[in-house]
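Quick note: the sequence shown, position 322, residue 636 per the numbering used here, numbers continuous. Ideal Cβ positions, reconstructed from N, Cα and C, are used throughout, including at glycine. Here the structure is a predicted model, which is why all the values come from computation and not from measurement. Notes to accompany the following structure.
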Amino acid sequence: MKQFACWLLFSIVMFSSKAQEASLDYFISEAKMNLPVLKENYNLQKIGEIQNDIIVAQNKAFQVNATSEVQVAPYFNNNGRFIDVTTTPSPRAYGYDVGITNGGLYSAQLNVTKNLFNQKIVDNLLFQNKVQNNTLSLSAEDIEHNLIKNVTDAFIMAYQLQLQKDFTIDILKDLENRLKVVELLVKRAVLMESDYLLLQLDIDSKKLELQQIRNNLKTAINQLYSLSGIPLAETDSLSVPELMTTDTPITNFYQRKFENDSLQVAADQKVFENQYKPQLSLYGNTGLNAVELTNIDRRIGLSAGLRLTVPIYDGKQRKYNAQQNEIKKENLEFYKENAAVQLENNLKSIEAQLTALEENMQAIEEQLQKQQNVLEIYKGKLVQGLVSIVDYLNVIQTYKLNVQTKLQMQTNRWLLQSQYNFINW
315 MKQFACWLLF SIVMFSSKAQ EASLDYFISE AKMNLPVLKE NYNLQKIGEI QNDIIVAQNK
375 AFQVNATSEV QVAPYFNNNG RFIDVTTTPS PRAYGYDVGI TNGGLYSAQL NVTKNLFNQK
435 IVDNLLFQNK VQNNTLSLSA EDIEHNLIKN VTDAFIMAYQ LQLQKDFTID ILKDLENRLK
495 VVELLVKRAV LMESDYLLLQ LDIDSKKLEL QQIRNNLKTA INQLYSLSGI PLAETDSLSV
555 PELMTTDTPI TNFYQRKFEN DSLQVAADQK VFENQYKPQL SLYGNTGLNA VELTNIDRRI
615 GLSAGLRLTV PIYDGKQRKY NAQQNEIKKE NLEFYKENAA VQLENNLKSI EAQLTALEEN
675 MQAIEEQLQK QQNVLEIYKG KLVQGLVSIV DYLNVIQTYK LNVQTKLQMQ TNRWLLQSQY
735 NFINW
């Protein structure tokens, strides 16, 4: 009994998992987790967060480094010596001016520098990096949004093939049942053998059609798995695509993108203007610093100082940069206005198409109901041998075409709903 309970629990888990794997939400969820571009984007955002620490370290922290240098400036033909290192060369010796080299340089120092009163500069750099990270975040939203649309459309097309498969199977089963009836009627000489062969031929044609639909469905499901980054697996059926109309957002994506792009222009301008701010830095060093080897052990000391840099004139580069950024903002405004018009027009167009499609689906549904009644009448007459197989098959063919039309309408409705959700964000 315990083993049976375990088996039952395992079966329920496997069945639930399989049902989940066949749903639209499952494929969308897996696609989000598996898309390499999204993974890369998230890592780039992490890199951007680390960049904040780098900016602070570069501009606020003490910068410490060690330097070491040995420079020799010898003299030639100095007081009878071919080569000599000295700070008192003879006037006839060949070598650099002693006032420049002092005979050489022997240095080993520890240097420390720190920028002072530069918080505004750091804030501008951090703001620029924040905007760049927001750009990455918006890019990830856009990629994910397009991914959902692609997976949804692929799922809808695959589900349409599944509906076609199920309908063809039902038609085929009905024809095979009719074939048994026709066989009996042929034996009773109510119908001719040619009627039996004609019906058999139509059944064979439907089997070939069913096989092609199954092949197309398998290919569509495989493409769905590939699009979602999932290893191929056997899937018996897909669940009905649950598509809900998305609420109109308070702020559309294009508006958020425009706002961020405008901030990017402003941030770049602020960073460009960092160079016009006075910069004060503290520096100091300690270690060995000598120009000759004599008493070099006593040439250990330290020094410190302040360095102030004040920009004065750069040929009006600041003014020209500001003019360029104003033009960039104007260009962004053009795109924003156009995006607003396109969004409104597209939504209205889809709403009109959905309304017309609903009316057509209602009309085709009424027509199918009538055709089903006619089909039932023909089935009854066929049993009595009162209608020909050709007439019966014609009625089925007409019914089949209308059902396929309805399936295509339903598919178009899902696709339009998917497009509406894609645009309305």
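Determine the direct distance from the alpha carbon of residue j to that of residue i, and round the result to whole angstroms.
{"i": "K434", "j": "T623", "result": "16 Å"}
{"i": "N588", "j": "Q372", "result": "14 Å"}
{"i": "V384", "j": "R613", "result": "14 Å"}
{"i": "V697", "j": "N530", "result": "35 Å"}
{"i": "Y410", "j": "L616", "result": "28 Å"}
{"i": "R406", "j": "F586", "result": "54 Å"}
{"i": "L646", "j": "A636", "result": "15 Å"}
{"i": "Q685", "j": "I710", "result": "9 Å"}
{"i": "N726", "j": "E665", "result": "13 Å"}
{"i": "L323", "j": "V688", "result": "In this predicted model, L323 has a pLDDT of only 37, less than 50, meaning its place in the structure is not dependable; the value taken from the coordinates is given anyway. Those two C-alpha atoms are separated by around 48 Å."}
{"i": "E680", "j": "A653", "result": "41 Å"}
{"i": "K662", "j": "Y692", "result": "45 Å"}
{"i": "Y590", "j": "P625", "result": "6 Å"}
{"i": "M347", "j": "N379", "result": "44 Å"}
{"i": "I517", "j": "E690", "result": "19 Å"}
{"i": "Q525", "j": "K532", "result": "11 Å"}
{"i": "L440", "j": "D575", "result": "16 Å"}
{"i": "L715", "j": "N708", "result": "11 Å"}
{"i": "P563", "j": "V655", "result": "16 Å"}
{"i": "I368", "j": "Q583", "result": "21 Å"}
{"i": "R632", "j": "V412", "result": "45 Å"}
Can you round the beta-carbon distance between residue i and residue j to whole angstroms, since I take them to be within the 8 Å contact cut?
{"i": "F390", "j": "Y408", "result": "4 Å"}
{"i": "E363", "j": "N438", "result": "Contact doesn't hold; Cβ gap of about 18 Å is too wide."}
{"i": "T401", "j": "E606", "result": "6 Å"}
{"i": "Q365", "j": "T427", "result": "Actually they do not touch by this definition, with Cβ atoms about 22 Å apart."}
{"i": "L730", "j": "L682", "result": "Not confirmed; about 21 Å, so no contact."}
{"i": "V495", "j": "F341", "result": "Actually they are not in contact, since the Cβ atoms of V495 and F341 sit about 43 Å apart, beyond 8 Å."}
{"i": "L721", "j": "Q478", "result": "6 Å"}
{"i": "I740", "j": "Y420", "result": "Residue 740 lies beyond the range of the chain shown here (315 to 739); nothing can be said about it."}
{"i": "A345", "j": "L541", "result": "7 Å"}
{"i": "S404", "j": "N393", "result": "5 Å"}
{"i": "K643", "j": "V579", "result": "6 Å"}
{"i": "N296", "j": "T565", "result": "The structure shown does not extend to residue 296, since the chain is modelled only from 315 through 739, so no value can be given for it."}
{"i": "S732", "j": "D467", "result": "6 Å"}
Beta carbon of residue i, beta carbon of residue j: below 7 Å?
{"i": "L430", "j": "L594", "result": "yes"}
{"i": "V445", "j": "L352", "result": "no"}
{"i": "V504", "j": "G694", "result": "no"}
{"i": "G601", "j": "A422", "result": "yes"}
{"i": "L557", "j": "W728", "result": "yes"}
{"i": "L596", "j": "L461", "result": "no"}
{"i": "V500", "j": "E490", "result": "no"}
{"i": "L512", "j": "I703", "result": "yes"}
{"i": "N660", "j": "I737", "result": "yes"}
{"i": "A375", "j": "M471", "result": "no"}
{"i": "V386", "j": "G418", "result": "yes"}
{"i": "F567", "j": "K650", "result": "no"}
{"i": "K520", "j": "L498", "result": "no"}
Can you name, in chain order, every residue of its own chain whose Cβ lies under 6 Å from the Cβ of residue i, other than the five neighbours on each side?
{"i": "P545", "result": "none"}
{"i": "Q442", "result": "A581 and V585"}
{"i": "T549", "result": "A336 and I535"}
State yes or no: is the C-beta of residue i nearer than 6 Å to some heavy atom of the ligand MG?
{"i": "G615", "result": "No copy of the ligand MG appears in this structure; indeed no ligand is present at all."}
Starting from the C-beta of residue i, find all residues in its chain whose C-beta is less than 8 Å away, skip the five residues before and the five after it, and write them out in chain order.
{"i": "N355", "result": "L450, S453, A454 and I457"}
{"i": "F469", "result": "L338, F341, L538, L552 and P555"}
{"i": "N674", "result": "M723"}
Give the DSSP bridge partners of residue i, in chain order.
{"i": "D398", "result": "Y389"}
{"i": "N425", "result": "N379 and N599"}
{"i": "G615", "result": "G601"}
{"i": "Y408", "result": "F390"}
Who are the near neighbours of residue i in its chain, counting only those whose CB is closer than 7 Å to its CB and skipping five residues on each side?
{"i": "I399", "result": "In the sequence on display, residue 399 carries Val and not Ile. Result list for V399: V386, P388, G417 and G418, in chain order."}
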